[in-house]
Amino acid sequence: MSDSETDPVGVTEEPTGEPTITGSASATSPPQPSTVNPALTGPPYRKTIKIQGQIGEPGQRDKLSFMSLVHQIEGAVKKGYPDSEIVAAVIKAVTPGLQLRSYLEGRDELELKVLRRLLRAHFQERGATELYQELCGMAQGPKESPQTFLLRALALRQKVLFASKECDVKYDKSLVESMFAHSVSTGLLDSDIRGEMRPLLLQDKLLDEELLERMNKIVSRETDRKKKTQTKSHLVAPVEASRAEAVEEKDKKGAGGSLYDEVQSLKAQINEIHPPTPSRDHPDIGVEDVPCARRMEMRRAATTATSVARRATLPEGAVNRKTGKGPS
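Residue numbers (this note's numbering): 1 to 328.
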């Protein structure tokens with residue numbers, strides 16, 4: 001057996017003096033001519049950009065907002081998509097039938113920067129100055145939770161920073177951050193939460209997610225404290241009310257007793273000055289024995305004593321039907 005039969009891959013010399021490869025291919029063999037389509041040998045395959053959602057009229061809840069649309073545009077720019085593809089994708093995302101789509105489709109060589117300005121005008125977005133003034137006057141609503149208020153303030157802060165990049169009026173980031181901290185620390189309704197959040201807002205290195213987590217812990221702690229305080233007050237209130245009622249009843253009885261004693265004393269004094277009128281209890285005293293003037297004086301005294309006794313028996317705040325007046 002020759003060497004060529006024992007070795008499956010070998011190099012032999014042809015009469016022309018050039019070596020030829022015989023046997024099966026190996027890793028050391030020179031590459032064969034490629035039969036791959038040249039169209040597929042270019043850059044890696046890339047998906048076509050598509051805007052998630054539709055662009056509708058301003059204020060429609062089921063449509064894209066300006067901030068969401070700009071976020072997708074900036075993401076496409078970072079991924080390296082050409083501006084022309086981004087512009088085409090945004091135009092396709094506009095709801096058919098809107099005047100905005102007809103106008104954008106009629107523009108030739110529309111630049112991405114110009115498109116963003118047109119979109120801002122379509123969504124009627126406010127400028128950086130108006131947004132900054134709104135940030136200055138932020139306050140928590142009566143039915144708004146502290147967490148929701150903080151998220152609203154964070155979103156408005158980002159709007160100010162974003163609008164400052166695209167508008168002529170520029171606001172420094174440190175200035176916006178300082179106003180954000182001031183608005184949140186003064187806009188919270190609960191004084192206890194406001195006091196605990198103020199030092200956290202002054203920390204420059206505190207991230208937004210950390211700020212939200214701290215807010216949740218503070219609100220949870222304050223809610224538990226208020227529940228305990230309310231439970232204790234509910235237990236103490238009935239006892240205090242019963243004590244107050246007892247003292248009030250005692251005062252009423254004391255006042256009524258003293259008035260009764262005064263009436264009885266007044267009657268005794270009248271009886272000492274003027275003897276009683278003839279009645280069944282005193283049959284030995286005749287009417288003719290009492291002068292007329294004295295009888296009239298005795299009747300007046302008796303009427304006065306009776307009226308005083310009646311006023312003493314009337315409840316507090318009652319009104320006499322005849323006179324229309326309450327007890328003096």
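Glycine included, every Cβ here is placed at the ideal spot set by N, Cα and C. Just so you know, these numbers come straight off a predicted model, no measurement behind them.
Residue range of the unbroken alpha helix (DSSP H) whose run includes residue i
i           : result
residue 103 : 99-106
residue 329 : Absent from the model: residue 329. The displayed extent of the chain is 1 to 328, so no value can be given.
residue 146 : 146-166
residue 83  : 83-93
residue 52  : Premise fails: residue 52 is in no alpha helix (DSSP H) and is neither H nor E.
residue 113 : 112-122
residue 128 : 128-136
Cα-Cα separation between residue i and residue j, rounded to whole angstroms
i           : j           : result
residue 190 : residue 148 : 14 Å
residue 79  : residue 192 : 46 Å
residue 205 : residue 157 : 16 Å
residue 57  : residue 99  : 10 Å
residue 123 : residue 153 : 21 Å
residue 4   : residue 47  : Bear in mind that the predicted position of residue 4 carries a pLDDT of just 44, short of 50, making it too unreliable to give a figure here.
residue 221 : residue 63  : 38 Å
residue 305 : residue 272 : 14 Å
residue 144 : residue 212 : 15 Å
residue 225 : residue 163 : 41 Å
residue 179 : residue 195 : 17 Å
residue 223 : residue 188 : 15 Å
residue 26  : residue 89  : Unreliable placement is indicated for residue 26, whose pLDDT of 45 sits below 50; the coordinate value is still reported in the next sentence. So the two alpha carbons sit approximately 49 Å from each other.
residue 136 : residue 198 : 16 Å
residue 151 : residue 245 : 49 Å
residue 167 : residue 215 : 33 Å
residue 264 : residue 270 : 10 Å
residue 376 : residue 60  : This structure gives no information on residue 376, because the portion of the chain shown stretches from 1 to 328.
residue 121 : residue 108 : 19 Å
residue 85  : residue 101 : 16 Å
residue 209 : residue 96  : 39 Å
residue 262 : residue 268 : 10 Å
residue 230 : residue 142 : 20 Å
residue 83  : residue 74  : 11 Å
residue 300 : residue 266 : 13 Å
residue 297 : residue 307 : 16 Å
residue 186 : residue 138 : 9 Å
residue 53  : residue 173 : 31 Å
residue 68  : residue 227 : 40 Å
residue 200 : residue 134 : 22 Å
residue 207 : residue 165 : 22 Å
residue 81  : residue 177 : 32 Å
Presumed contact (8 Å Cβ cut-off) between residue i and residue j, rounded CB distance
i           : j           : result
residue 76  : residue 55  : At roughly 15 Å, the Cβ-Cβ gap does not stay under 8 Å, so residue 76 and residue 55 are not in contact.
residue 66  : residue 130 : The pair is not a contact, with the Cβ atoms about 14 Å apart (cut-off 8 Å).
residue 72  : residue 51  : 6 Å
residue 110 : residue 94  : At roughly 13 Å, the Cβ-Cβ gap does not stay under 8 Å, so residue 110 and residue 94 are not in contact.
residue 116 : residue 70  : 7 Å
residue 128 : residue 160 : 6 Å
Buried versus exposed call for residue i [16 or more other C-beta atoms within 10 Å across all chains shown]
i           : result
residue 183 : buried
residue 218 : buried
residue 146 : buried
residue 175 : exposed
residue 140 : buried
residue 171 : buried
residue 155 : exposed
residue 119 : buried
residue 13  : Confidence is the limiting factor: at residue 13 the pLDDT is only 42, short of 50, which leaves the residue's position unreliable, though a coordinate-based value still follows. By the neighbour-count rule (16 or more Cβ atoms within 10 Å), residue 13 is not buried but exposed.
residue 202 : exposed
residue 132 : buried
residue 104 : buried
residue 106 : exposed
residue 16  : Only weak support is given to the placement of residue 16: the predicted model assigns it a pLDDT of 46, under 50, and the question is left unresolved by the model.
residue 39  : Its pLDDT being 44, under 50, residue 39 is placed unreliably by the model, and the measurement read from it follows with that caveat. The residue in question, residue 39, is exposed, as its Cβ has fewer than 16 Cβ neighbours within 10 Å.
Please give me, in chain order, every unbroken run of the alpha helix (DSSP H) with length at least 4 that falls completely inside the segment 183-220. 191-201
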